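J.: For the sequence shown, position 200 matches number 199 in numbering that gives the first Met the number 0, and the numbering has no gaps at all.
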Amino acid sequence: MHNMNPKISIIMGIYNCAATLHESIDSLLNQTYTNWELIMCEDGSTDDTLTIAKKYAKKNANIFLIQNEKNLGLAHSLNKCMEVSKGEYIARQDGDDLSKTDRLERQVQVLDNHAEFDIVSSGMILFDENGYWGKINSVEVPQASDFMKQSPFCHAPSMMRKKALLNVGGYNTNKRTYRAEDYDLWFRMYANGSRGYNIQAALYEVRDDRNAIKRRKYKYRINEAYVRFHGYRRLKFKKTSYLYVFRAIIVGLVPSAIYKLMRRRKYNLH
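See below:
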């Protein structure tokens, strides 16, 4: 598809993000590390996402655009981006988020200097139209046991060795993993011998409404339970661990007011 030899391929599924895509791509164009390509897969948007993406692809030799004929979802889009990617490392970004200027540089250093890691992610700051409101940090060097309670890596700021990603077949496009594609991927990579590292600094800013209940559909909780069950089996967890499979379902039943309190606690809100 193209003749560059970038070290990093940034893959981005874009869907109805016209209002934020400019800022997101600009945050990549402002990186201190410059040997990268961005591959966007347009997933059937109904707003101006496609027009904006086309402008950037036309203007920048390292930005490429592919399209789905209809809306196929994130996992399909990311796999399609990966198929045409040239980089040794695959990085993620979403069309409504921002990378701090040194994000790529710091992540490349980890993978270049630590052959034992196939995954590197970082902390994330959460923001909405009223400013910063929370942050997420994961354990620095996740062990298999850290998978029990939650996903051990933030997906959007992650970078992976492409080889390790392809060794497990990329993203799972099964509808049962929708909204838990990343958790499923980490389970499969760890079961295949991969390990990862979390930079403790927040190198990524994720746009998320502080009062959001919108991501909280019950079917997503069911999907998470499905991913947990199969993941626990892959990592050969003890039978007692399977109680956490039901945790995902129980959280889905919690009244909205209590869920908001739980969110505030989880994301260090005051």
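Beta carbons are placed, not taken as given, at the ideal position from N, Cα and C, and that holds for glycine.
Please read these numbers as outputs of a predicted model, since none were measured by experiment.
From Lys-99 to Glu-204, what distance separates their C-alpha atoms?
T.: Computed Cα separation, rounded: 8 Å.
J.: Sort out for me which residues DSSP pairs Ser-144 with in a bridge.
T.: Per DSSP, none; premise fails for Ser-144.
J.: So, are the CB atoms of Ile-62 and Met-39 less than 9 Å apart?
T.: Yes, the pair counts as a contact, with Cβ atoms nearer than the cut-off.
J.: Buried or exposed for Leu-165, please, with buried defined as at least 16 other CB atoms from any protein chain shown within 10 angstroms of its CB.
T.: Leu-165 should be labelled exposed.
J.: In terms of DSSP beta bridges, what is Val-119 paired with?
T.: DSSP lists Met-158 and Tyr-196 as partners of Val-119.
J.: Does DSSP classify Leu-71 as helix, strand or coil?
T.: Coil at Leu-71, not helix or strand.
J.: What is the rounded straight-line gap between the Cα of Ala-52 and the Cα of Asp-111?
T.: Approximately 30 Å between the Cα atoms of the pair.
J.: For Gly-230 and Asp-42, what's the separation of their Cα atoms in angstroms?
T.: Looking at the two C-alpha atoms, the distance is approximately 28 Å.
J.: Would DSSP call His-269 helix, strand or coil?
T.: At His-269 the pLDDT is 48, less than 50, meaning the model places this residue with poor confidence; the figure from the coordinates comes in the next sentence. In this structure, His-269 counts as coil in the three-state DSSP scheme.
J.: What residue does the beta strand (DSSP E) around Met-39 start on, and which one ends it?
T.: Segment 35 to 41, the beta strand (DSSP E) holding Met-39.
J.: Based on Cα-Cα distance, which residue from Met-188, Lys-79 and Ala-179 lies nearest to Ile-118?
T.: Residue Met-188 is the option with its Cα nearest to Ile-118.
J.: Alpha carbon to alpha carbon, how far is Val-107 from Met-159? Give it in angstroms, no decimals.
T.: Looking at the two C-alpha atoms, the distance is approximately 10 Å.
J.: State the DSSP-derived secondary structure class of Arg-91, mapped to helix, strand or coil.
T.: Arg-91 falls in the strand class under three-state DSSP.
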